[in-house]
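Undergrad:
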Amino acid sequence: MISFWILWIFNALMSLIPIYFFFIGLADGSVDSDNMGIWMILLAVVALIMGGTYWLKTKNQIKAAKVVLIIAAIPSILAIIFMSVAIFGDVRWN
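The numbers in the working numbering rise by one with no breaks, and the one at position 45 of the sequence shown is 224.
#1: Please list the terminal residues of the continuous alpha helix (DSSP H) segment that includes Asp207.
#2: Given this structure, state the Cα-to-Cα distance separating Trp184 from Ala226, to the nearest angstrom.
#3: How would you label Ile256, buried or exposed, when you count the other beta carbons within 10 angstroms and need 16 or more for buried?
#4: May I ask you to report which of helix, strand or coil DSSP gives Val210?
#5: Could you spell out where the alpha helix (DSSP H) holding Lys238 opens and where it closes?
#6: At a cut of 8 Å, does the region 190-205 reach the region 218-233 through at least three beta carbon pairs?
Here you go:
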């Protein structure tokens, strides 16, 4: 049960990233009618993952909720690993 909440909180924190970029894009005008549909789909997927996994947990489908959360967390984990290597690794990028 605790692993569900750890995964859910991790995904909730990672979900703040596209929401942040959406509002920044609204403020600077880069989110407009040309790409609003893409943004709405992206934000709907984020909301469906977060809401759907919580709904699965309330229906006692904790294993299914964990599978969805793990699949959703994979890109975030890979990005964190990449940034850690880029920042802390002794790598020359030129």
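Every residue gets a Cβ at the ideal spot worked out from N, C-alpha and C, and that includes glycine.
Remember, it's a predicted structure, so these values are computed and weren't measured experimentally.
TA: To lay it out plainly:
#1: Position 28 of the sequence shown, counted from the start, is the residue given in the question as residue 207. From DSSP, the alpha helix (DSSP H) with Asp207 extends over 181-207.
#2: Position 5 of the sequence shown, counted from the first residue, corresponds to residue 184. Position 47 of the sequence shown, counted from the first residue, corresponds to residue 226. Cα-Cα distance, rounded: 16 Å.
#3: The sequence position of residue 256 within the sequence shown is 77, counting from 1. Ile256 counts as exposed, since fewer than 16 other C-beta atoms from the protein chains shown sit within 10 angstroms of its C-beta.
#4: Within the sequence shown, residue 210 is the residue found at index 31, counting from 1. In this structure, Val210 counts as coil in the three-state DSSP scheme.
#5: Residue mapping note: residue 238 aligns to position 59 of the sequence shown, counting from 1. Neither: Lys238 is in no alpha helix (DSSP H) and is coded neither H nor E.
#6: yes
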